[in-house]
Amino acid sequence: MMRRTAIRSKPRQREKAERVYKTPTVAIGRFRLPAPVNDEVRAIPKENALECEAYLRLVASLPCIRCSIVGYSQAAHPPPTGKGIKRDDRLCFPLCTVRVGIKGCHGPFDNYELMSHADAVRQALVWAAQVRAVIVGFRLWPKNLPMWDEVN
Numbered sequence: 001m002m003r004r005t006a007i008r009s010k011p012r013q014r015e016k017a018e019r020v021y022k023t024p025t026v027a028i029g030r031f032r033l034p035a036p037v038n039d040e041v042r043a044i045p046k047e048n049a050l051e052c053e054a055y056l057r058l059v060a061s062l063p064c065i066r067c068s069i070v071g072y073s074q075a076a077h078p079p080p081t082g083k084g085i086k087r088d089d090r091l092c093f094p095l096c097t098v099r100v101g102i103k104g105c106h107g108p109f110d111n112y113e114l115m116s117h118a119d120a121v122r123q124a125l126v127w128a129a130q131v132r133a134v135i136v137g138f139r140l141w142p143k144n145l146p147m148w149d150e151v152n
C-alpha cells in the first residue's frame, strides 16, 4: 500500500507595509492653462438614415451578392464617409460572414481587402440598387418603409 503525504500549504509571506503616496504639488507660476483650439464649433450635417429591422432581415435572407452562397449572409452597409455616421438601411446588401475555414466576404469588404475605399463605395451603391430591385420585384418591400426613390 502506497502512502500519500498531505498537501502542505505554503508559508505565509509577510505583508508589505502600505506605501504612502504624496500628492504632487505644483509651484506657483509653473502651471498654465491650455490654449483653446478653436472658438468656432460647427455641427456636422447627418443624413436622415432610416432604420428598419424587417428590411435588414430580408436582405440577410438573400444569398451573398459577391459569391452567391446561400444561408450565411448578413446585411452589410456601404463604407462610411466618417466615423460614427449611420447609413440608411435601404443601402444594405447581403455579404456572407465568417465560417469554419472561410473568411467570408463581409469582413474583407469592410477592411478594404477586396477593393479600395473609392471602389467599395461605388460597388456598394450598385449592389444596394440591385438588392432594392430584387426586393421590389418579389413584392417583399416592408409596408412601413418608404421606397428609396420617394426619398431621393
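The numbering of the sequence shown is full-length UniProt numbering, which starts it at 1 and goes up by one.
All C-beta atoms in this analysis are idealised placements derived from N, C-alpha and C, irrespective of residue type, glycine included.
Everything numeric in this text was worked out from a predicted model, so none of it was measured.
*Who are the Cβ neighbours of residue 120 in its own chain at under 8 Å, not counting the five residues just before and after it?*
78, 79, 109, 112 and 114
*Candidates 48, 55, 95 and 35: which alpha carbon is nearest residue 66's?*
95
*Own chain partners of residue 132 with C-beta closer than 7 Å, once the 5 adjacent residues on each side are dropped*: 90 and 148
_Paired residues, beta bridge with residue 96 - DSSP_ = 73
*Assign residue 125 to buried or exposed, taking buried as 16 or more other Cβ atoms, counted over all protein chains shown, within 10 Å of its Cβ.*
exposed
_From 58, 101, 118 and 63, residue whose alpha carbon lies closest to that of residue 139_ = 58
*Go ahead and pull the three-state DSSP assignment for residue 135.*
helix
*How many angstroms separate the CA atom of residue 107 from the CA atom of residue 128?*
17 Å
*Out of 92, 146, 72 and 51, which has the shortest C-alpha to C-alpha gap to residue 100?*
72
*Is residue 35 close to chain D, meaning its C-beta is less than 8 Å from at least one C-beta of that chain?*
Considering every chain present, this structure includes no chain D. It has just one protein chain.
*Write down the C-beta distance between residue 64 and residue 92 rounded to the nearest angstrom, noting that I regard them as a contact closer than 8 Å.*
Wrong, their Cβ atoms sit about 13 Å apart, outside the cutoff.
*Output the distance between the C-alpha atoms of residue 144 and residue 49, rounded to the nearest integer angstrom.*
15 Å
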